[in-house]
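Trainee: I have a structure here, written as structure tokens, and I will follow up with some questions on it.
There are 2 protein chains.
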Amino acid sequence: MAPGDHRHLFVIFGGTGDLARRKLIPSIYRLITEDGLGDDCVILGVGSGDLDDDEYRSWTREVLVEAGFPQREVSSWSDRNVHFQRVPRDADSLDELSERIATIEDEHGLPGNRVFYLALPPAVFPSTMTRLGEAGLHESPGWARLVVEKPFGSDQASASALNELVHRWFDEEQVYRIDHYLGKETVQNLLTFRFANPLFENVWNRDRIESIEITVAEELGIGDRAGYYESAGALRDMVQNHLTQVLTLVAMEPPVSFNANQIRNEKVKVIEAIAPIAEESIVFGQYEAGTIDGEGVRAYRAEDGVDEASKTPTFVGVRLEVDTWRWQGVPFYLRTGKRLPRRLTEIAVTFRQPPLCIFHGHRDSCGIEPNVLLITLQPDEGFTLRFNVKAPGEPLTIDSQALRFSHDDAYGELPDAYQALILDVIEGDQTLFVRGDEAEASWRVYDDLLDHPCEPYPYVGGTWGPATLDASLALGGTEWTGERERARDAGDGTAPIDPRS
Amino acid sequence: MAPGDHRHLFVIFGGTGDLARRKLIPSIYRLITEDGLGDDCVILGVGSGDLDDDEYRSWTREVLVEAGFPQREVSSWSDRNVHFQRVPRDADSLDELSERIATIEDEHGLPGNRVFYLALPPAVFPSTMTRLGEAGLHESPGWARLVVEKPFGSDQASASALNELVHRWFDEEQVYRIDHYLGKETVQNLLTFRFANPLFENVWNRDRIESIEITVAEELGIGDRAGYYESAGALRDMVQNHLTQVLTLVAMEPPVSFNANQIRNEKVKVIEAIAPIAEESIVFGQYEAGTIDGEGVRAYRAEDGVDEASKTPTFVGVRLEVDTWRWQGVPFYLRTGKRLPRRLTEIAVTFRQPPLCIFHGHRDSCGIEPNVLLITLQPDEGFTLRFNVKAPGEPLTIDSQALRFSHDDAYGELPDAYQALILDVIEGDQTLFVRGDEAEASWRVYDDLLDHPCEPYPYVGGTWGPATLDASLALGGTEWTGERERARDAGDGTAPIDPRS
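Listed below in structure tokens is the structure:
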């Protein structure tokens, strides 16, 4: 842990909710027992349920056993450091909570450092925020930090209104907008890859790079989230946040230092340089019934809670241009979809061809493969480098080969994203969190496209997206660089089979 | 085979010599039986021995069996296509040979195409050349090509005189100066690696590269070649030809096309741009007794036929500068030695560090490893790329990793160098052969350094060369990039053990 006074009260709004159960309680438990946080962390769950401290402690133990910790190991962990405070949904004020916090801090001898983690649905975020501020919870002798879950707003106007609300009581330095999709290790790996390897960074520009593709594919459908997803769609759910975040890390200039605000300054600059997106540069799709891993999957319109004439896109392919000196003219393809053949996040960097093919005369056409760097972020971090060698014998024939570095093979699996992010909040490191202006700028890019009035292109569940006239945006994946690489990895050297054909 | 009339007479001067036995006869046999040369090639061995055709045919069969071909397979190959002509060492003229050639060409219906392969010691080259020319052997209705073995001269003046002699009868387009050390595949692999991979070629310059090391290490001593080696030494034997050839391939500009003269134009330009070598930029060494692979080896001065006070260097380390726009200021380290720990030829390209270490603050010092590209030419062709990744966990630590591509693993072992070179002669492709001006220019670089008057530094046989004050030129190999890479490959992460310490 970084030096400093880390003794604090960790207040979870939504203390018995889904996020607390699946992520927060197990992550904090690991930080306390494995990472030396120990007694520095006192937990206060806040919720509408009628629980006392002992009942909540017992609930957290169940949660931990559910998460795979042995019963005997967790049986005593929460005796002292875990509390619960009931706040009815319709509570006028949080005065009672305020008093409870004072009591607990006094009891544990805490210096008044507080984390407020809003693990709440977006709908109740503004009211909770207001009551929290009005109750003066943020005013303490120590530090106070606010953690906000995604989505942060649903368009630029709402994000801007939320920022205004938050900033009424909290400075930007106190606000941690969490977007756990990438995870701390992944972001740091990507920045290290770029800025510790001059070999690659030296060619990281419009003179050397032909195109960059960013793909976030999900195998899952919408599950039981129809209520949220019907009004969100893939552009809000994935592109505006996750894919745009990856884009900023790929396209950013070197920051002055590896420091939260310096890095976020550079990320915001990338977002602000994205040119307005033309209508023909975006394609929307929606999954139909299909098969994944041999199992039949329903069409989106047949999912529970989805309108049978819904136009909500579950797939987006968009071509962006980043108008900077470094990137002008280089197309960035962002693609994401649900019910694609597998889960993955990757960046395919295709380098320009040699300016002159000196091998002419030895082949009918030069036709060599471009150098490709395929950076995979999920599920197996690492990169693949495609290069050309001479095949043995005559006539001179250029052959394409690839090398793969797997982070998992070298180091084993990465730790859970939440654990590292919570530690960052406790240590006051904002690097991995989205800054207020960044969130707004990111919405602004897509604002005119968010409410797509047209019929999305259909695609069969378990395929790489819809067939459209613009193959670079979507064409069953056969044109995607990453997919071509994987087909080769599989050893058949061919494009992946499209189950529709 | 390339199109054209390949029917020819292959005349081997030194027809029963060591080179004919070990390389030429087996290579031509393979070309005839495996590569479709068939009846297009008629062989005429020339030598001082008193053999008739049948005896020579029988000798070639023994040679092939020795080379590993089955007896029954070679029993009939040379019945028709192999001839022998005795020429006494002190023969005044080659008129008899001239008549014999005419007879054979007539008998086999050959169009007058002739290869004259001078597989002779350098001492008898000028006299043979003169008699060959005076007999008018080069004058025929077809093409005539002259193949000259290395060494081509022993300094610039002698090389120049040899060129003058050769050009009295042959145009440069007819002359094939062979330097088989690299082999056709290796040269083509290197040029393909450079000019078919913009990722690497784009950083192939003084802005991006810190230094380039070229190493040719031999495990062998001088064997029974003391007579030649004592007057030659490592600078003549290896640096002037082999290492300088590798240098030209690494440093050359992209040729206009993959064509013999275009490539050789660029190679000559590199040699001509080599700056004069300062005295402090070269180190000479000589091996003492030691151990290789557990076997004791003698000191150079104790080898048969070597003067016991010999100053002949068996090791050379030299720092060159190539004064071109691409390379000015980048040191090229050329190192070679006999009785080093193992046989290898490699090129280590070390890239510059990032201009700014943005990871400061996360470590005491930035201290990251540079990106290194280690291209190995012998014994296992391929390359190793060293890059940096983030080690998992906190604090942020940069870790060095490497990927290796092995040409042998991908394609199996490469064919013999001689076979491909002989085919090139028959097809008239001069790409892999040293042009006259190139040979002279290459001698000119080292002319002032050839006859080293000082005592060379001693080094123990089986170590990486002498310890000197300038570690970049020679220091037991511990500072050599390639050696560091291999030590890591071995998994111990340390520098190689020096048996002297």
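Same order as they appear, the protein sequences are chains A and B. Just so we're aligned: 1060 in our numbering is position 427 of the first sequence, and the numbers increase by one with no gaps anywhere. Just so we're aligned: 1037 in our numbering is position 404 of the second sequence, and the numbers increase by one with no gaps anywhere. Beta carbons are placed, not taken as given, at the ideal position from N, Cα and C, and that holds for glycine.
Going by Cα to Cα distance, which pick from A:I734, A:D1013, A:E806 is closest to N894 (chain A)?
Mentor: When each option's Cα is compared against that of N894 (chain A), the closest is A:E806.
Trainee: Are the C-beta atoms of V836 (chain B) and some chain A residue less than 9 angstroms apart?
Mentor: Cβ-Cβ to chain A under 9 angstroms: yes for V836 (chain B).
Trainee: Have a look at B:Q704, B:H716, B:L670 and flag the residue whose alpha-carbon is nearest the alpha-carbon of R690 (chain B).
Mentor: The candidate whose alpha carbon is nearest that of R690 (chain B) is B:H716.
Trainee: Is it the case that the Cβ atoms of I734 (chain A) and I1055 (chain A) are separated by a distance below 9 angstroms?
Mentor: Taking 9 angstroms as the Cβ cut-off, I734 (chain A) and I1055 (chain A) do not qualify as a contacting pair.
Trainee: Can you list the residues of chain A that E863 (chain B) reaches, using a CB-CB cut of under 8 angstroms?
Mentor: Result: empty, since nearest Cβ-Cβ is about 39 angstroms, beyond 8 angstroms.
Trainee: With distances taken Cα to Cα, identify the nearest neighbour of D1041 (chain A) among A:E1014, A:A1050, A:R952.
Mentor: If we check each option's Cα against that of D1041 (chain A), A:E1014 comes out closest.
Trainee: Under 8 angstroms by Cβ, that's how I've got V748 (chain A) and F646 (chain A) pegged, so tell me the actual separation to the nearest angstrom.
Mentor: Not a contact, Cβ separation roughly 11 angstroms.
Trainee: Could one say the Cβ of G1045 (chain A) lies closer than 9 angstroms to chain B's Cβ atoms, at least one of them?
Mentor: Closer than 9 angstroms to some Cβ of chain B, the Cβ of G1045 (chain A) qualifies, so yes.
Trainee: Ends of the beta strand (DSSP E) at G1069 (chain A)?
Mentor: Here G1069 (chain A) belongs to no beta strand (DSSP E); instead the alpha helix (DSSP H) covers 1069 to 1079.
Trainee: Please confirm if I991 (chain B) has its CB atom under 9 angstroms from at least one CB of chain A.
Mentor: I991 (chain B) counts as touching chain A.
Trainee: Only counting runs of 4 or more residues, tell me where the alpha helix (DSSP H) segments fall wholly within the segment 774 to 802 of chain B, in order along the chain.
Mentor: With a minimum length of 4 residues, the continuous alpha helix (DSSP H) runs that stay inside the segment 774 to 802 of chain B are 789 to 802.
Trainee: Where does P1089 (chain A) land, buried or exposed, given buried means 16+ other C-beta within 10 angstroms?
Mentor: Buried, because 16 or more other Cβ atoms sit within 10 Å of the Cβ of P1089 (chain A).
Trainee: In the structure shown, what three-state DSSP assignment does H639 (chain A) receive?
Mentor: Three-state DSSP puts H639 (chain A) in coil, outside helix and strand.
Trainee: Run through the DSSP bridge pairs and tell me what V949 (chain B) is partnered with.
Mentor: Its beta-bridge partners are B:F917, B:T969.
Trainee: I1031 (chain B) touches chain A at which residues, Cβ-Cβ below 8 angstroms?
Mentor: Those are T825, A829, listed as they occur along chain A.
Trainee: Please classify R827 (chain B) as buried or exposed, where buried requires at least 16 other C-beta atoms within 10 Å of its C-beta.
Mentor: When all chains shown are included, R827 (chain B) counts as buried.
Trainee: Do we get a CB-CB distance below 9 angstroms when we pair Q1034 (chain B) with the residues of chain A?
Mentor: With 9 angstroms as the cut-off, Q1034 (chain B) counts as an interface residue toward chain A.
Trainee: Which residues in the same chain as D1032 (chain A) place their Cβ atom closer than 8 angstroms to its Cβ, once the five residues preceding and following it in sequence are excluded?
Mentor: Only N1021, V1022, K1023, A1024 meet the Cβ criterion.
Trainee: Fully enclosed by the segment 982 to 1036 of chain A, which beta strand (DSSP E) runs are 3 residues long or longer?
Mentor: Entirely contained in the segment 982 to 1036 of chain A, the beta strand (DSSP E) runs reaching 3 residues are, in chain order, 1005 to 1011, 1015 to 1024.
Trainee: By a C-beta neighbour count over all protein chains shown, 10 Å radius and 16 as the cutoff for buried, is R705 (chain B) buried or exposed?
Mentor: It counts as exposed.
Trainee: Sorted by chain position, which residues of the same chain lie with C-beta nearer than 7 angstroms to K656 (chain A)'s C-beta, five sequence neighbours on each side aside?
Mentor: So the list reads Y1051, once near-sequence residues are dropped.
Trainee: Measure the alpha-carbon distance for G1094 (chain A) versus T969 (chain A) and round it to whole angstroms.
Mentor: Each residue's Cα considered, the two are about 13 angstroms apart.
Trainee: Would H1040 (chain B) pass as an interface residue toward chain A - the criterion being a Cβ-Cβ separation below 9 angstroms?
Mentor: Closer than 9 angstroms to some Cβ of chain A, the Cβ of H1040 (chain B) qualifies, so yes.
Trainee: How about R801 (chain A) and F785 (chain A): do their beta carbons lie closer than 9 angstroms?
Mentor: Contact flag unset, no.
Trainee: Assess contact between the segment 937 to 947 of chain A and the segment 864 to 880 of chain A, defined as three or more Cβ pairs (one per stretch) separated by less than 8 angstroms. Is contact present?
Mentor: Yes: the two stretches touch, three or more of their Cβ pairs being nearer than 8 angstroms.
Trainee: Between F758 (chain A) and chain B, is any beta-carbon pair separated by less than 9 angstroms?
Mentor: Not closer than 9 angstroms to any Cβ of chain B, the Cβ of F758 (chain A) fails to qualify, so no.
Trainee: Can you give me the C-alpha to C-alpha distance between G1110 (chain A) and I845 (chain A), rounded to a whole angstrom?
Mentor: Bear in mind that a pLDDT of 49 at G1110 (chain A), under 50, signals an unreliable position, so the model cannot answer this.
Trainee: Can you tell me whether E979 (chain B) is buried or exposed, with buried defined as 16 or more other CB within 10 angstroms of its CB?
Mentor: E979 (chain B) comes out buried.
Trainee: Mind checking the segment 838 to 857 of chain B against chain A and listing, in chain order, the residues whose C-beta falls within less than 7 angstroms of any C-beta there?
Mentor: Listed by position along the chain: R841.
Trainee: Once the 5 residues before and after S914 (chain B) are set aside, which same chain residues still bring their CB inside 7 angstroms of it?
Mentor: Once the five neighbours on either side are set aside, the close Cβ partners of S914 (chain B) are V951, R952.
Trainee: Residue ranges of each beta strand (DSSP E) run of no fewer than 3 residues wholly in the segment 722 to 759 of chain B, ordered along the chain?
Mentor: With a minimum length of 3 residues, the continuous beta strand (DSSP E) runs that stay inside the segment 722 to 759 of chain B are 747 to 751.
Trainee: What do you reckon, are the CB atoms on N874 (chain A) and S1075 (chain A) nearer than 9 angstroms?
Mentor: Cβ distance < 9 angstroms, so N874 (chain A) and S1075 (chain A) count as in contact.
Trainee: Hey, would you say L1018 (chain A) sits closer than 9 angstroms to A1035 (chain A), going by beta carbons?
Mentor: Taking 9 angstroms as the Cβ cut-off, L1018 (chain A) and A1035 (chain A) qualify as a contacting pair.
Trainee: In its own chain, which residues sit with a C-beta less than 6 angstroms from the C-beta of G854 (chain B), not counting the 5 before and 5 after it?
Mentor: So the qualifying residues of the chain are K971, R972.
Trainee: Please determine, among A:M885, A:R1068, A:P974, the residue with the shortest C-alpha to C-alpha distance to G1120 (chain A).
Mentor: The question names Gly, yet the displayed sequence has Ala at residue 1120 (chain A). A1120 (chain A) has its Cα closest to that of A:P974, out of A:M885, A:R1068, A:P974.
Trainee: So, helix, strand or coil for A653 (chain A), using DSSP?
Mentor: Of the three classes helix, strand and coil, the one that applies to A653 (chain A) here is helix, per DSSP.
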